[in-house]
Amino acid sequence: MSDKKQSNAMWGGRFASGPDAIMEAINASIDFDQRMARQDIEGSRAHAAMLAQQGIITDSDAEAIREGLLTVLSEIETGTFKYSKALEDIHMNVEARLKEIVGEPAGRLHTGRSRNDQVALDFKLWTRDQFDAAISGLDALIKALLVQAEEHADVVMPGFTHLQVAQPVTWGHHMMAYVEMFARDKSRMMDARARMNESPLGAAALAGTGFNIDRDMTAKALGFDRPSANSLDAVSDRDFALEFLSSSSICATHLSRFAEELVIWSSAQFRFVVLSDRFSTGSSIMPQKKNPDAAELIRAKVGRINGSLVGLLTVMKGLPLAYSKDMQEDKEQVFDAADSLMLALAAMTGMVGDMKPNVESLEVAAASGFSTATDLADWLVRELGMPFRDAHHVTGALVKMAEDGGVDLPDLTLEQMQSVHADITDAVFGVLGVHNSVASRLSYGGTAPKRVREQVARWTKELG
Ligand code: ARG
59 MSDKKQSNAM
69 WGGRFASGPD
79 AIMEAINASI
89 DFDQRMARQD
99 IEGSRAHAAM
109 LAQQGIITDS
119 DAEAIREGLL
129 TVLSEIETGT
139 FKYSKALEDI
149 HMNVEARLKE
159 IVGEPAGRLH
169 TGRSRNDQVA
179 LDFKLWTRDQ
189 FDAAISGLDA
199 LIKALLVQAE
209 EHADVVMPGF
219 THLQVAQPVT
229 WGHHMMAYVE
239 MFARDKSRMM
249 DARARMNESP
259 LGAAALAGTG
269 FNIDRDMTAK
279 ALGFDRPSAN
289 SLDAVSDRDF
299 ALEFLSSSSI
309 CATHLSRFAE
319 ELVIWSSAQF
329 RFVVLSDRFS
339 TGSSIMPQKK
349 NPDAAELIRA
359 KVGRINGSLV
369 GLLTVMKGLP
379 LAYSKDMQED
389 KEQVFDAADS
399 LMLALAAMTG
409 MVGDMKPNVE
419 SLEVAAASGF
429 STATDLADWL
439 VRELGMPFRD
449 AHHVTGALVK
459 MAEDGGVDLP
469 DLTLEQMQSV
479 HADITDAVFG
489 VLGVHNSVAS
499 RLSYGGTAPK
509 RVREQVARWT
519 KELG
């Protein structure tokens, strides 16, 4: 079998010689698609049981095949299985070994199917597991964020727009913003998982088969909702992979935004958060350094995940129906993206679980940059009945006065304030503090600790 001069035992009937070494190198996928061994065996076991039930092969052949496949699986899992490049891919490697183990019945396994529906099936099963893993990874991350939000619902921090201090917000509110993002990621993954859950097995090469197969039976055995309805589509569809990659890309984008914030927040200039030693590294030359490497790598992982998405979109673009060998280039993209995403999710969950907000620095920063100027303008509207545009103008003059004097808004005297607008009273100082400011933002979805706690309760209940 490993003799390259011989034609391929699986499909070589019409070939006089074996492939050129370069042909074998470009054609073989076994180096990577061996990751689908378990799925391949699971699919073949279901197929064999169905063939027997339908009287297409005998029960004893099906039994031999199904038992033999378990032996192959244990060889793979214990690392004794010898993969062969000459056998191209996981499908033919497994079948060839099955033949060595059980003999003649192995040759009956491929009845009523093709490698085209087989690979679509294996890859779908593999990708479906990754959707499930991503969904539970997101659950874990969301739970870690909920703990942060609950514990620090009252901690004030600056809210930014343009990375300029805008208005005070709460740590809890900031954490809950990411809960919303990651919950959308989870729901995207769940949608895609539900959409992909149709079995391609039995589509055969492209046209279906003349054998009286029972596609409902194999679909059910493999956890699918139903068999796919069009055999041409079934063997050439890779939407499930594209949807995994696109939802992963969006999720990785969210992870990178959060990672970027953690990098900034943990710097000596910000000191908003302390990251644990478990997710930081030191410098080999600068003894004082503690680097947020995990956050930086999470920030970077989106690069390869987006790359995989664009890579596979490009492979699929313009492919005529049905199967083309181009589609063998689908797997490495998804494998790499899935590995990157799971690692990034786990690392982020660990970091979030360990991180500690630096309450004092956050409070000082929250009060800086005239962050309660909007509260002052709102007070002028509410108490003095001023149109908001005029209030905005008066507040602007007060900010300028404070800035020129090198003080914050609450440090201005009442006389100074009245020099800008005579009707301002002492009561204005009540709205200039950051805690009052956040507590007043009670509109639905607002930053007030009360609202944040309601959201934490809602999500906690939802996650069960
Ligand atoms: N290794 C192939 C792949 O990953 C399996 C399908 C091969 N089908 C074929 N008609 N050559 O796509």
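Note that our numbering has the sequence shown beginning at 59, numbered continuously upward. All residues carry an ideal CB built from backbone N, CA and C; glycine is no exception. Computed from a prediction, not measured in an experiment: that's the story for all the values here.
Contact annotation: leucine 303 and glutamine 188 have beta-carbon atoms that are not nearer than 8 Å. Methionine 234 and valine 514 do touch by the CB rule: their CB atoms are close to 7 Å apart, below 8 Å. Within the same chain, Cβ atoms closer than 8 Å to the Cβ of tyrosine 236 are found at Leu203, His312, Phe316, the five residues on either side in sequence being excluded.
Within 10 angstroms of the beta-carbon of methionine 108 lie 16 or more other beta-carbons, which makes it buried. In the three-state scheme derived from DSSP, where H, G and I count as helix and E and B as strand, glutamine 64 is classed as coil. Within its own chain, the residues whose Cβ lies closer than 7 Å to the Cβ of phenylalanine 218, once the five positions on either side in sequence are excluded, are Ala224, listed in chain order. The beta carbons of alanine 250 and leucine 167 sit no closer together than 8 Å. The ligand ARG never approaches aspartate 297 closely enough for any of its heavy atoms to be under 7 Å from the residue's Cβ. With contacts defined as CB atoms closer than 8 Å, histidine 493 and valine 214 qualify as a contacting pair.
With a beta-carbon spacing of about 11 Å, aspartate 297 and glutamate 256 fall beyond the 8 Å limit used to define contacts. In this structure, the C-beta of glutamate 158 stays at least 7 Å away from each heavy atom of the ligand ARG. Under the 10 Å beta carbon count, aspartate 462 is surrounded by fewer than 16 other beta carbons and is classified as exposed.
In its chain, beyond the 5 residues on either side, Ala110 have a beta carbon closer than 8 Å to the beta carbon of threonine 116. When secondary structure is reduced to three states using DSSP, methionine 233 falls in the helix class. Placement of the Cβ of serine 342 at a distance of 7 Å or more from every heavy atom of the ligand ARG is found. In the structure shown, the three-state DSSP call for threonine 228 is strand.
Taking every protein chain shown into account, the CB of histidine 232 has 16 or more other CB atoms within 10 angstroms, so this residue is buried. Nearest in C-alpha terms to aspartate 89, of all of Ala404, Pro77, Lys140, is Lys140. Assignment of lysine 375 by DSSP, reduced to helix, strand and coil, places it in the coil class.
Contact annotation, alanine 198 with threonine 518: C-beta distance approximately 14 Å; criterion of less than 8 Å not satisfied.
Here DSSP, grouped into helix, strand and coil, assigns proline 350 to coil. Here glycine 217 is bridged, per DSSP, to Gln225.
Relative to aspartate 351, the option among Val160, Ser324, Val368, Asp448 whose CA is nearest is Ser324. The alpha-carbon of leucine 300 is positioned some 9 Å away from that of serine 366. Between glycine 260 and arginine 273, the C-beta gap is smaller than 8 Å, which places the two residues in contact. Beta-carbon to beta-carbon, proline 216 and glycine 427 are separated by about 7 Å, close enough to satisfy the 8 Å threshold. When distances are taken from the beta-carbon of methionine 239 to the heavy atoms of the ligand ARG, even the shortest one reaches 7 Å or more. Of the heavy atoms belonging to the ligand ARG, none sits nearer than 7 Å to the Cβ of histidine 168. With fewer than 16 other Cβ atoms inside 10 Å of its own Cβ, methionine 344 counts as exposed.
In the displayed model, threonine 116 falls within coil according to three-state DSSP, outside both helix and strand.
Only residues of its own chain outside the window of five on either side were considered, and among them Gly340, Ser341 have a CB closer than 7 Å to the CB of lysine 347, listed in chain order.
In the DSSP annotation of this structure, valine 465 is not part of any alpha helix (DSSP H), being labelled neither H nor E.
The criterion of a C-beta distance shorter than 8 Å is not satisfied by alanine 265 and serine 245. Distance from the CA atom of serine 419 to the CA atom of threonine 228, rounded to whole angstroms, is 13 Å. Cβ neighbours of methionine 444 within its own chain (closer than 8 Å, five residues either side excluded): Leu438, Val452.
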